[in-house]
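Trainee: Dumping the structure here so I can ask a few things about it.
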Amino acid sequence: MLFQIQISRMKTSNVIWVGNYSTVVKRDPVLHWSWKSELPLECATHFVRMRSRVDDAKIPEPRFWSNWSSWKEADAQKSLGRDPLFLFPKDKLVEEGSNVTICYMSRNQQDNISCYLEGQQIHGEQLDSNVSAFKLNKVSFIRKTGTNIFCKVDQKDVIKGIVLFVSKVLEEPKDFSCETQDFKTLTCTWDPGTDTSLPKRSSQSYTLFESFSGKKILCEHKNSCNWQVDSDSQEMYNFTLVAENALGNRSVSVLFSLTHRVHPKTPYNLFLKNVSGTKATVTWKVHPIGNYSTLLCQLDLLGEGNVIQQHNVSIKENGEYLLSELEPDTEYMARVRCADANHFWKWSGSISQKFITAEAAPSEALDVWRNVKSVSGRPTVTLFWKPLSKLHANGKILSYNVTVENLDRPSGLEVHSVPATANGTELTLDQDSYQIHVTALNSAGPSPASVIVVSGDPGNEEVEEERVNGTEDGFSVSWKPQSGKAIGYVVEWCDHPQDLPCDLQWKNLSSNTTSTVISSGAFRPGVRYNFRIYEISTERMAYLLEKKAGYLKELDKSACCQHRIDNPEQKTFVMENLQPESVYEFLVTPYTSAGSGPLDAFTKVTTPDEYYLVEKGPYTHTHHPPHDRLRFAHHDHLLPKKSVENPHLTIMNVSDCVPDAIEVIHKPEGSKIQFLGASKSLTETEFTKPAYLYLLPAEKNYSGPGPCICFENLTYNEAAADSGSCGHFPVTPEALPGQPGPLTSPENLLKALEKNYMNSLGETAAGEASLNYVSQLASQMSGDKDSLPANPPEPVLCSEYKMQMAIPLGLASPPPAENSGLSSTTPLDQSEHYR
Amino acid sequence: MSCQLAILCLLTLLLPPLSRGAPMSPAERITQAYNLALSMQENMSTLLQTYLQAQGSPFSDPGFSAPELQLSSLPPADISFKTWNALDDGERLSRVQGAFLALTQHLQLVGDDQRDLNPDNPILLAQLRDARLRAQGMLGNVAAIMTALGLPNPRAEDTLGLVPFGASAFERKCRGYIVIREYGHWTDRAVRDLALFKAKYPS
Chain A
1 MLFQIQISRM
11 KTSNVIWVGN
21 YSTVVKRDPV
31 LHWSWKSELP
41 LECATHFVRM
51 RSRVDDAKIP
61 EPRFWSNWSS
71 WKEADAQKSL
81 GRDPLFLFPK
91 DKLVEEGSNV
101 TICYMSRNQQ
111 DNISCYLEGQ
121 QIHGEQLDSN
131 VSAFKLNKVS
141 FIRKTGTNIF
151 CKVDQKDVIK
161 GIVLFVSKVL
171 EEPKDFSCET
181 QDFKTLTCTW
191 DPGTDTSLPK
201 RSSQSYTLFE
211 SFSGKKILCE
221 HKNSCNWQVD
231 SDSQEMYNFT
241 LVAENALGNR
251 SVSVLFSLTH
261 RVHPKTPYNL
271 FLKNVSGTKA
281 TVTWKVHPIG
291 NYSTLLCQLD
301 LLGEGNVIQQ
311 HNVSIKENGE
321 YLLSELEPDT
331 EYMARVRCAD
341 ANHFWKWSGS
351 ISQKFITAEA
361 APSEALDVWR
371 NVKSVSGRPT
381 VTLFWKPLSK
391 LHANGKILSY
401 NVTVENLDRP
411 SGLEVHSVPA
421 TANGTELTLD
431 QDSYQIHVTA
441 LNSAGPSPAS
451 VIVVSGDPGN
461 EEVEEERVNG
471 TEDGFSVSWK
481 PQSGKAIGYV
491 VEWCDHPQDL
501 PCDLQWKNLS
511 SNTTSTVISS
521 GAFRPGVRYN
531 FRIYEISTER
541 MAYLLEKKAG
551 YLKELDKSAC
561 CQHRIDNPEQ
571 KTFVMENLQP
581 ESVYEFLVTP
591 YTSAGSGPLD
601 AFTKVTTPDE
611 YYLVEKGPYT
621 HTHHPPHDRL
631 RFAHHDHLLP
641 KKSVENPHLT
651 IMNVSDCVPD
661 AIEVIHKPEG
671 SKIQFLGASK
681 SLTETEFTKP
691 AYLYLLPAEK
701 NYSGPGPCIC
711 FENLTYNEAA
721 ADSGSCGHFP
731 VTPEALPGQP
741 GPLTSPENLL
751 KALEKNYMNS
761 LGETAAGEAS
771 LNYVSQLASQ
781 MSGDKDSLPA
791 NPPEPVLCSE
801 YKMQMAIPLG
811 LASPPPAENS
821 GLSSTTPLDQ
831 SEHYR
Chain B
1 MSCQLAILCL
11 LTLLLPPLSR
21 GAPMSPAERI
31 TQAYNLALSM
41 QENMSTLLQT
51 YLQAQGSPFS
61 DPGFSAPELQ
71 LSSLPPADIS
81 FKTWNALDDG
91 ERLSRVQGAF
101 LALTQHLQLV
111 GDDQRDLNPD
121 NPILLAQLRD
131 ARLRAQGMLG
141 NVAAIMTALG
151 LPNPRAEDTL
161 GLVPFGASAF
171 ERKCRGYIVI
181 REYGHWTDRA
191 VRDLALFKAK
201 YPS
């Protein structure tokens, strides 16, 4: 039968809906049909009527409609109470974004009624004098506790409201997939999306339906469901996941083969066995998957966080792999994960284990260099070596072995063990030739030996020095091969030629090389660097080939202070206008008509703080340096009485004495001093000797060129005497940040000193020798040490002041002697200062 | 923890001590009831604000007030001064007792409503529970005073009757507002009544 239905609102003539309903009519039927009104039925009377006709193909046309039934009235208003205002629908649940119609009905059409949604007034359509409807389009979710809509009757304090419960939209489950770890359980997971729960209304539920088996389960969790695999017979699965809440449902399906959805469990029992220096065996286990499944496992070897090896291993249950090409004494991590070998779906979780390979003997010989010097006439060899890199050390270096073999007189091997912390050692030999083997040892054994040969015969040391100019890249050094039998060359220099130790450096070069660029981050402009090029013979002996010297960049100030001394007999030179508390460097070099001689090492001098010199003078100064920065070399007649009993070096109150010489102790950290020796020139290792500044006031009848200031070396050797000449080399204040600026002119300083000096000059006890003795009456021929004891002191107009000192034997060290018969040297253990 | 402690403190205030040596005098009981009424007064404002904020507009709008909303199941606290002043002890205490009996039941109802409407607001639910416990405490204290003064103690009645069930969410929100508002009014009146008794029965 086909039924046609009409619905009218408020009056029968106002038909608002017509529809058909077709159904099979059986005997004694009670048919049900429903219609949902957008407008709440409470707000208006509705009417319904219907008619019918046969709707069966077996019955031939024409088929006629029956008469309309009478109108049936649905009037919910009659059941309402006597309240002046009603609002509908009550507690309606809708999905966010849907359209909702609400209405109010007033008992008194004179009432002025206004309605609000969450505080905002809304305006509706008046259906009749008492009823208004509001169509809310695409309602929003505001809060779980609902959206309040209320109306009030003005002037009557009547308020009525409803709560609209707006639910979040039920989403289709996302990322729905199923997999198994053991062929016994399928685990299906998905992203449920937004929670649609409201107070008193639970969130959406999920049902899993499998079409091949026809089974269905209600999922316990919002985002996963476990499905029991009954037997091996079912290979294909077609799952439909249905999400459902009070307002509707959403579903999603997936079709797959069980064997294509294998997600193995994380491997376990990962162990490292037989770990040697270069190899290790990794073993692990996996949870078996079915009877015939094979797993493909990926073994990663990581070093410092990076994958450096990757291996694929097919296994059933037990995995094993031999890792090779490992570095000794290195930490690695082995990491394993597995997947189904036949149908890759997903990797399992990973298991990892750290391990450290065993040590192996160092793989490379040390880079060794030597320096030969003479101590008390015996050649002393200082060996230097560079620590092995981690790559070559293959473990912790425990010590170094130095084996010495006399090549001239076979007498067995002499073995020295040097602690791992040292990077050199010193050997005292004789004039014979020696072959020296140096090896580094770790727990696994020694490195290959590094072999050098040294001899008491220095070979040709009379090599003329040449200038070399620095560039941005460093010093470009070249040389001419000499013997033609060289197995290599070594270029040697000091990174800090003005410091002690001077930080000896060397560079090995192959036999077919005749030039190289020496670069170092330590190179500074204005500093003179000396380079020595050695040829290494087939016997592994080093012969000096060439010497080079030069500046990375010559500073302007070095040129501005050159003084020409035309008198070859002149042995002193007065430097004027020096700044107090400034560092100067000086050197003296001879010249002939053909040009000047080679530039030798500079000697550094620091002028004293003026404050001490002019304490009673007009130059006052608030800055008072600590006592340990400046030390007075005492002269006994200048000492206060209380100090005479102990004439040793002491720290004194500046007001207690009259200074005539000041030793400036302040110098760069690590500077060290050498004394003794008879070498004619100084090498870089002595560049920073503390120099003494002697201030000698001019006597009233002095007719010389002016106050005489000489820079004196510490010892009575020729080099010291030479350096007594007064070339000067001021260092820029920028280079000495710790030095305060100049205070006054040197003339004033000297005048201030003059008075004190003259009072005490006559009391000098000549010939007294003590530690740090400073004589004001040294010989004019002080450059000649042999003449010193024989010449009685005589006052001279411009005396040169010498220091007499006793030097502890253990601290004595010959100065490196470029012009001596032995190679230059850098002592390893030098005293900080004389005492 | 602090919540449990608050309840413990509340109970010590609400429940008359049972096992002390000498029975409490009427004045002591009056004082205890009076102190409870004062503490109820202190908490009233917070409870009302918490409640209104949880209901949404218009309840949460600033200055919200709807005096026209009434519940027939709750006796009005308003009374003319003349009538109030003329009340005898028994009548005065009976009215307070009747009001707090009704309030206790209504606060239980409001608590249930809000458990449905605002299940995720534990502060509101706790404050409603505390209010109900205080109302119960006041009921017990007034009964103890009546007993101490030798006044007849009327039997408790079911004041709610058939009223509440089937109410819409908005109606329940309104109902809760009325109950809490009236709870405040009756607390104010109880303070006044008990102050009168304190003056009349000094310790």
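Read top to bottom, the protein sequences are chains A and B. Here full-length UniProt numbering is used: the first residue of the first sequence is 1, the next is one more, and so on. Here full-length UniProt numbering is used: the first residue of the second sequence is 1, the next is one more, and so on. A virtual CB, placed ideally from N, CA and C, is assigned to each residue, including glycine. Being a predicted model, the structure only gives us computed values, none of them experimental.
Please name the residue, chosen from A/Val490, A/Ile102 and A/Ala444, that lies closest to A/Ser276 on a Cα-to-Cα basis.
Mentor: A/Ala444
Trainee: For A/Glu42, which three-state DSSP category applies?
Mentor: helix
Trainee: Nearest to A/Lys160 by CA position, among A/Phe150, A/Leu427 and A/Gln204, is which residue?
Mentor: A/Phe150
Trainee: Less than 8 Å separating the beta-carbons of A/Gly474 and A/Ser519?
Mentor: yes
Trainee: If we cut at 8 Å on Cβ distances, does A/Ile162 have a partner in chain B?
Mentor: Chain B, which has a Cβ nearer than 8 Å to the Cβ of A/Ile162, makes this yes.
Trainee: Applying the 10 Å Cβ sphere with the 16-neighbour rule, what's the burial state of A/Thr439?
Mentor: It counts as buried.
Trainee: Using 10 angstroms around the beta-carbon of B/Ser203, count the other beta-carbons present and answer buried if the total reaches 16, otherwise exposed.
Mentor: exposed
Trainee: Note down, in chain order, every chain E residue with its Cβ under 9 Å from the Cβ of B/Pro152.
Mentor: Of the protein chains in the structure, A and B, none is chain E.
Trainee: Could you tell me the boundaries of the alpha helix (DSSP H) in which B/His185 lies?
Mentor: Ala169 to Lys200
Trainee: How would you write the range of the alpha helix (DSSP H) that B/Lys82 sits in, first residue to last?
Mentor: Phe81 to Ala86
Trainee: Nearest CA to the CA of B/Thr104: which residue from B/His185, B/Leu133 and B/Ala33?
Mentor: Put simply, of B/His185, B/Leu133 and B/Ala33 the residue whose alpha carbon is nearest the alpha carbon of B/Thr104 is B/Leu133.
Trainee: Suppose contacts are defined by Cβ-Cβ distances below 8 Å. Is B/Leu194 in contact with B/Ile79 by that definition?
Mentor: no
Trainee: Count the other C-beta atoms from every protein chain shown that fall within 10 angstroms of the C-beta of A/Ile7, then say buried if there are 16 or more, exposed otherwise.
Mentor: buried
Trainee: I'd like to know whether the C-beta of A/Asp91 is nearer than 8 Å to at least one C-beta of chain B.
Mentor: Closer than 8 Å to some Cβ of chain B, the Cβ of A/Asp91 qualifies, so yes.
Trainee: With a cut-off of 8 Å, does the C-beta of A/Asn108 fall near any C-beta of chain B?
Mentor: When Cβ-Cβ separations below 8 Å define contact, A/Asn108 makes no contact with chain B.
Trainee: Since A/Asn318 and A/Lys285 are thought to touch, with beta carbons under 8 Å apart, how far apart are those beta carbons, to the nearest angstrom?
Mentor: A/Lys285 and A/Asn318 do touch by the CB rule: their CB atoms are close to 6 Å apart, below 8 Å.
Trainee: State the Cα-Cα distance for the pair A/Gly424 and A/Val453, rounded to the nearest angstrom.
Mentor: 16 Å
Trainee: Could you check whether the Cβ of B/Asn85 sits closer than 8 Å to any Cβ belonging to chain A?
Mentor: So, not an interface residue.
Trainee: Excluding the 5 residues flanking A/Pro84 on each side, which residues of the same chain have their C-beta closer than 8 Å to its C-beta?
Mentor: The beta carbon of A/Pro84 sits closer than 8 Å to those of Ser106, Arg107, Asn108, Asp111, Val153, Lys156 and Val158, all from its chain and outside the five residues before and after it, given in chain order.
Trainee: Over the uninterrupted alpha helix (DSSP H) stretch that includes B/Asp116, give me the two end residues.
Mentor: Note, B/Asp116: alpha helix (DSSP H), Asp89 to Leu117.
Trainee: Taking A/Pro199 as the reference, give the member of A/Thr207, A/Lys92 and A/Ser233 with the closest Cα.
Mentor: A/Lys92
Trainee: Taking contact to mean 3 or more Cβ pairs, one atom from each stretch, closer than 8 Å, check whether the region 428-436 of chain A and the region 394-409 of chain A are in contact.
Mentor: yes
Trainee: Could you give the distance in angstroms between the alpha-carbon of A/Gly484 and the alpha-carbon of A/Val491?
Mentor: When rounded, the distance between both Cα atoms is 17 Å.
Trainee: If you reduce the DSSP assignment to three classes, tell me which class B/Arg29 lands in.
Mentor: helix
Trainee: Any chance you could list the beta strand (DSSP E) runs of at least 3 consecutive residues sitting entirely within the region 475-559 of chain A, in chain order?
Mentor: 488-494, 504-510, 515-518, 528-536 and 542-551
Trainee: In whole angstroms, give me the CA-to-CA distance for B/Thr187 and A/Asn14.
Mentor: 56 Å
Trainee: Secondary structure at B/Ile123, three-state DSSP: helix, strand or coil?
Mentor: In the structure shown, the three-state DSSP call for B/Ile123 is helix.
Trainee: Which of the three DSSP states is assigned to A/Gly783 in this structure?
Mentor: Low confidence applies here, because A/Gly783 scores a pLDDT of 39, under 50, leaving its location unreliable; read the following figure in that light. The answer is coil: DSSP assigns A/Gly783 none of H, G, I, E or B.
Trainee: In chain order, what residues of the same chain lie with their CB nearer than 8 Å to the CB of B/Pro152, ignoring the 5 residues before and after it?
Mentor: Gly90 and Met146
Trainee: On the CB-based measure, 16 or more other CB atoms within 10 Å of its CB, does A/Phe239 come out buried or exposed?
Mentor: buried
Trainee: Please state whether the Cβ-Cβ distance between B/Asn118 and A/Thr196 is less than 8 Å.
Mentor: no
Trainee: Would A/Trp345 pass as a contact of A/His221 if the rule is Cβ separation under 8 Å?
Mentor: no
Trainee: Give the DSSP bridge partners of A/Val453, in chain order.
Mentor: A/Gln435 and A/Met541
Trainee: Report yes or no: is there a C-beta of chain A within less than 8 Å of the C-beta of B/Glu182?
Mentor: no
Trainee: So, helix, strand or coil for B/Asn141, using DSSP?
Mentor: helix
Trainee: What residue ranges within the region 29-78 of chain A form continuous beta strand (DSSP E) runs of no fewer than 3 residues, ordered along the chain?
Mentor: 46-53 and 72-74
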